[in-house]
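**Student:**
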Amino acid sequence: AGRSVEHCADGRLLTLGTATRWGVHEEPHRVAEAIADHADPLPPGARE
Numbered sequence: 011a012g013r014s015v016e017h018c019a020d021g022r023l024l025t026l027g028t029a030t031r032w033g034v035h036e037e038p039h040r041v042a043e044a045i046a047d048h049a050d051p052l053p054p055g056a057r058e
């Protein structure tokens, strides 16, 4: 994933530490926050 994001003009990579491929189930709040930040026109973390 790290190498892929390097090819994106505006790519961001979120790693979930020890989460497995079931990250959305293991860390639902972090995943939901990342999706909201992605969909929001404000820069990531600006809503805090």
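Residues 11 to 58, numbered by my numbering, are exactly what the sequence shown covers, in order. Heads up, the beta-carbon is just placed ideally off N, CA and C, and yes, glycines get one too.
#1: With DSSP as the reference, label Ala46 as helix, strand or coil.
#2: Mind checking whether Glu37 and Leu52 have CB atoms under 8 Å apart?
#3: Have a look at Asp47 and Arg13 and give me their C-alpha separation to the nearest angstrom.
#4: Determine the DSSP secondary structure at Gly33, reduced to helix, strand or coil.
**Tutor:** According to the structure data:
#1: On the sequence shown, residue 46 is found 36 positions in, with the first residue counted as 1. Helix at Ala46.
#2: Within the sequence shown, numbered from 1, the residue matching residue 37 stands at position 27. Within the sequence shown, numbered from 1, the residue matching residue 52 stands at position 42. In this structure, Glu37 lies away from Leu52, with their beta-carbon atoms at least 8 Å apart.
#3: Looking up residue 47 in the sequence shown gives position 37. Looking up residue 13 in the sequence shown gives position 3. Roughly 22 Å separates the two Cα atoms.
#4: Here residue 33 corresponds to residue number 23 of the sequence shown, with the count starting at 1. Helix at Gly33.
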